[in-house]
DNA sequence: CGTCTATTTGAATGTACTCAAAAGCGGTGG
DNA sequence: CCACCGCTTTTGAGTACATTCAAATAGACG
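Residue numbers (my numbering), protein chains in the order written: chain W, 90 to 287; chain P, 90 to 287.
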């Protein structure tokens with residue numbers, strides 16, 4: 090259990106870096122959380138289910154993806170330590186999820202259920218500020234990704250991704266990196282061959 | 090001035106549809122706003138400047154875009170009545186903007202300056218909730234757009250855009266629609282020719 | 001009417017995909 | 001310890017998607 094308490098410290102650091110919380114509020118926040126461990130390939134959410142929680146990643150590495158009619162996977166997000174992951178649309182509207190979330194490694198997350206989050210937001214209004222800030226930053230990051238998708242080639246997107254997350258090609262299978270970039274694994278392989286020459 | 094008061098009613102409806110505000114809070118919010126009118130092709134923000142405000146569109150139609158090294162434009166967003174537009178990254182961090190925002194038609198916006206927004210957020214904490222909700226929805230929408238960009242072809246993206254905004258091809262020049270979709274105007278023209286046959 | 005810009009058309013090129021097969025890699029069981 | 005299996009990555013060839021360049025047409029505006 091000693092590492093479990095570390096995880097709660099971790100998420101509290103994450104919160105208090107953005108907002109001020111009293112000891113009591115911190116406690117109440119932690120009480121609303123559930124610690125959950127996943128094995129590699131275990132699902133946190135499946136397409137079709139209703140997403141009931143937001144998950145803060147304490148340890149490990151997850152991937153969210155959409156499976157289309159042809160059965161092809163498209164990676165929307167990956168989430169590492171100190172990140173949140175969910176299917177936002179499904180969470181907000183309590184509709185069927187269109188994304189799967191799966192562990193890529195042994196994972197530990199702290200989950201907060203939607204209705205508990207809603208309660209907390211009423212009890213501790215400053216948490217509205219926390220999620221407002223979180224979503225503003227997420228929005229800005231997604232905006233940058235959209236620009237990459239419309240403005241540059243797959244090869245450039247791969248180069249930028251590596252620059253941003255230098256070790257990602259060791260941590261995530263290339264076929265998932267390809268689907269994140271919006272290209273095929275075959276084409277990514279060709280890109281990598283070319284880049285070795287430089 | 091009669092239409093100006095309409096615009097304040099409009100933004101108050103927009104707010105009170107999401108949060109509850111007292112009369113006094115509504116007044117304080119409106120006092121923080123500045124009404125601004127733009128002619129077509131007039132800029133609300135230019136790449137390189139620091140973005141100091143968030144703008145709520147009362148009337149007209151705007152476009153935000155990035156100009157790359159080769160001088161090519163890439164349309165990130167367009168904003169219609171009842172939408173907000175800004176360069177979020179530049180606004181949050183008060184860094185040089187990487188996006189331009191320009192009026193496509195005669196435009197009326199209600200602007201709130203960053204520092205005034207920050208003050209308001211302290212004075213009226215429930216506004217944190219408002220922007221949290223706004224950003225959550227924006228995030229979910231951007232997520233969908235990223236999926237479109239990585240999962241489907243330009244032709245399909247155009248079809249979906251038309252389905253979502255049926256009159257957009259009458260309101261926005263095709264070359265900007267093309268840049269929004271991440272394709273060239275020439276290719277969009279070919280897509281349109283094919284779709285007429287069906 | 002002329003000018004300016006947007007859109008279309010056509011042709012050649014490049015970018016990225018599909019299909020098929022081979023090579024690499026990790027795990028499992030004999 | 002090695003052979004085999006399943007899965008990922010690479011390679012090669014042919015194809016489709018999307019771009020560039022150049023020129024023609026269409027529309028908007030003074």
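Ideal Cβ positions, reconstructed from N, Cα and C, are used throughout, including at glycine.
Because the structure is a prediction, the values reported are computed rather than measured.
Using a Cβ distance threshold of 8 Å, residue 128(P) and residue 200(P) do not count as a contacting pair. The C-beta of residue 166(W) has 16 or more other C-beta atoms within 10 Å across all chains shown, which makes the residue buried. It is roughly 34 Å from the alpha-carbon of residue 175(P) to the alpha-carbon of residue 284(P).
At a beta-carbon threshold of 7 Å, none of the residues of chain P lie near residue 121(W); the nearest stands roughly 17 Å away. Residue state for residue 105(W) is assigned as helix, using DSSP reduced to three classes.
When Cβ-Cβ separations below 8 Å define contact, residue 109(W) makes no contact with chain P.
Between residue 125(P) and residue 198(P), the CB-CB gap stays under 8 Å.
Using a Cβ-Cβ cut-off of 8 Å, residue 181(W) counts as an interface residue toward chain P, since at least one Cβ of chain P sits closer than that to its own. Across the structure, residue 139(P) and residue 92(W) are spaced so that their CA atoms are roughly 44 Å apart. Residue 235(P) has a beta carbon lying within less than 8 Å of a beta carbon in chain W. Within 10 angstroms of the beta-carbon of residue 144(W) lie 16 or more other beta-carbons, which makes it buried. Residues of the segment 155 to 167 of chain P with a Cβ closer than 9 Å to any Cβ of chain W, in chain order: 155, 157, 161, 163, 164, 165 and 166.
At a cut-off of 8 Å, the C-beta of residue 137(P) has no neighbouring C-beta in chain W. In the three-state reduction of the DSSP assignment, residue 200(W) falls in the strand class, which pools E and B.
Residue 225(W) belongs to the set of residues whose beta carbon lies under 8 Å from a beta carbon in chain P. With a threshold of 16 other beta carbon atoms within 10 Å, residue 256(P) falls short and is exposed. Under the 10 Å beta carbon count, residue 224(P) is surrounded by 16 or more other beta carbons and is classified as buried.
Restricting attention to beta strand (DSSP E) runs no shorter than 3 residues, the segment 152 to 236 of chain W encloses them at 162 to 168, 189 to 192 and 196 to 202, ordered along the chain. Residue 148(W) sits in a strand when the DSSP states are folded into three classes. The beta carbon of residue 194(W) lies closer than 6 Å to those of 129, 149 and 150 in the same chain, with the five residues before and after it left out.
DSSP places residue 247(P) inside the alpha helix (DSSP H), whose first and last residues are 243 to 253. Here the alpha carbon of residue 104(P) sits roughly 22 Å from the alpha carbon of residue 226(W). Under a 10 Å Cβ-count criterion, residue 160(P) is classified as exposed, with fewer than 16 other Cβ atoms of the shown protein chains found around its own Cβ. Judged by their CB atoms, residue 270(W) and residue 254(W) are not nearer to each other than the 8 Å cut-off. Against chain W, a Cβ distance below 8 Å from residue 238(P) picks out 235, 238, 239 and 271.
Contact annotation: in the segment 207 to 224 of chain W, residues whose CB is within less than 8 Å of a CB in chain P are 210, 214, 215, 217, 218, 220, 221 and 224.
Apart from sequence neighbours up to five positions away, the residues of its chain that approach residue 141(W) with a beta-carbon distance below 6 Å are 202 and 203, ordered along the chain.
Distance between residue 281(W) and residue 170(W), taken at the CA atoms: about 27 Å. Between residue 240(W) and the set 155(P), 230(P) and 102(P), the nearest pair of CA atoms involves 155(P). Going by C-alpha positions, residue 164(P) is about 5 Å away from residue 268(P). Here residue 127(W) is bridged, per DSSP, to 196(W). Judged by DSSP in its simplified three-state form, residue 110(W) adopts coil rather than helix or strand. Within its own chain, no residue has a Cβ closer than 8 Å to the Cβ of residue 259(P) once the five positions on either side in sequence are excluded. With a threshold of 8 Å between beta carbons, residue 231(W) makes contact with chain P.
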